[in-house]
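Structure first, commentary second.
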Amino acid sequence: MWVQDHFKPRPTDIFLASFPKSGTTWLKALIFATVNRTRYGFADHPLLTTGPHDCFPFLDAHLQEKDRSRFDLDRFPSPRLLSIHIPYILLPNSMTDHQSCRFVYICRDPKDVLVSKWLFLNKLRPKDLPPISLEEAFELFCQGISHYGPFWDHVLGYWEGSLETPEKILFLKYEDLKKEPLVVVKRLGDFLGYPFSLEEESKGVVEEIVKLCSFENLSTLEVNKVSEQKFSKDTIIDNRHFFRKGKVGDWKTYLTTEMVERLDEITYEKLLGSGLVF
Ligand code: A3P
Numbered sequence: 037m038w039v040q041d042h043f044k045p046r047p048t049d050i051f052l053a054s055f056p057k058s059g060t061t062w063l064k065a066l067i068f069a070t071v072n073r074t075r076y077g078f079a080d081h082p083l084l085t086t087g088p089h090d091c092f093p094f095l096d097a098h099l100q101e102k103d104r105s106r107f108d109l110d111r112f113p114s115p116r117l118l119s120i121h122i123p124y125i126l127l128p129n130s131m132t133d134h135q136s137c138r139f140v141y142i143c144r145d146p147k148d149v150l151v152s153k154w155l156f157l158n159k160l161r162p163k164d165l166p167p168i169s170l171e172e173a174f175e176l177f178c179q180g181i182s183h184y185g186p187f188w189d190h191v192l193g194y195w196e197g198s199l200e201t202p203e204k205i206l207f208l209k210y211e212d213l214k215k216e217p218l219v220v221v222k223r224l225g226d227f228l229g230y231p232f233s234l235e236e237e238s239k240g241v242v243e244e245i246v247k248l249c250s251f252e253n254l255s256t257l258e259v260n261k262v263s264e265q266k267f268s269k270d271t272i273i274d275n276r277h278f279f280r281k282g283k284v285g286d287w288k289t290y291l292t293t294e295m296v297e298r299l300d301e302i303t304y305e306k307l308l309g310s311g312l313v314f
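Numbering (our numbering) for the sequence shown: 37 to 314.
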């Protein structure tokens, strides 16, 4: 409601939108490194000492902060990099109309999202409460009881938006990024209005960005191993929790055949006719 009533987007704003546990941390690093590549060298890059979530703040989490002066959006220099989990349907027209800002949406196979989310939320759960079982987490996920609403509605909102206004919404898949990071990062540069020149390509700048933001690199940095991320007064999370395995298909380790069949069936039905497949 605050975003709808008060947030004033700038045409230069870049939003990263995602359903939680879809690869937000990775994309934050990649967009930050791409947009700021002429400002920072790779040897002393801010991402080596600052967590991706500090370089690229969440609009929705910071709004929980009572003291708004700590997060004064009007003072952010352009282009503002802001991350959201808010579903597309809830965004104000000022953000979705054709003239305004751009969105990069990252999605991921719901089976991996579910597993990643279940393990992540159990790590954040107060120690005096029992962990949530996989069966319970699975049931809630299938029923669409998730932060920011049902997974499929979230993905479809941005997917349909990207078909209507492809110049405004870039729809990416975690699995494609894993398979062809160089291709996707070049697309990202073009879309954001920061295309890589031939000279940059021949100097290996795209490779440097991919390496800097890789799971192997980020997850072993001191800042991401020991520091914590303060999203708001009440939401403080250890950075290390944002880096688990970073693999495609880790759901195979956890989900039963019945779970896989049910989830795949829901996904098939929900996405039927949309042109989107996982
Ligand atoms: P897993 O739990 O499957 O390992 P989010 O950033 O949206 O919270 O998503 C977290 C997921 O992205 C976790 O998945 C995490 O390990 C993975 N991840 C974090 N950084 C990554 C990176 N640089 N490359 C690939 N995956 C990454």
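Ideal Cβ placement from N, Cα and C applies to all residues, glycine included.
Note that the structure is a prediction, hence the values are computed from the model and not measured.
- Cβ atoms of Ile120 and Asp148 stay farther apart than 8 Å, at about 21 Å.
- Listed in chain order, the beta strand (DSSP E) elements of length 3 or more contained wholly in the stretch 231–311 are 264–266 and 272–274.
- Each residue's CA atom was taken as its position, placing Asn253 and His81 some 13 Å apart.
- Note on geometry: alpha-carbon atoms of Phe251 and Tyr304 lie some 30 Å from one another.
- Less than 9 Å divides the Cβ of Trp62 from the Cβ of Leu213.
- DSSP, reduced to helix, strand and coil, places Cys178 within a helical segment of the structure shown.
- By the Cβ rule, the stretch 159–172 does not count as touching the stretch 201–213, because fewer than three pairs are nearer than 8 Å.
- With respect to Lys204, Cys143 sits apart: the two C-beta atoms are not nearer than 9 Å.
- Contact between Lys261 and Arg276 holds: CB atoms are separated by about 5 Å, below the 8 Å threshold.
- Going by DSSP, Cys143 is part of the beta strand (DSSP E) stretching over Arg138 to Cys143.
- Distances between the C-beta of Cys249 and the heavy atoms of ligand 1 include at least one below 8 Å.
- If you draw a straight line from the Cα of Ala79 to the Cα of Asp270, it is about 34 Å long.
- Sixteen is the threshold: when 16 or more other Cβ atoms of the shown chains lie within 10 Å of the Cβ of Pro217, as they do, the residue is buried.
- Pairing Thr48 with Leu176, the inter-Cα distance amounts to about 38 Å.
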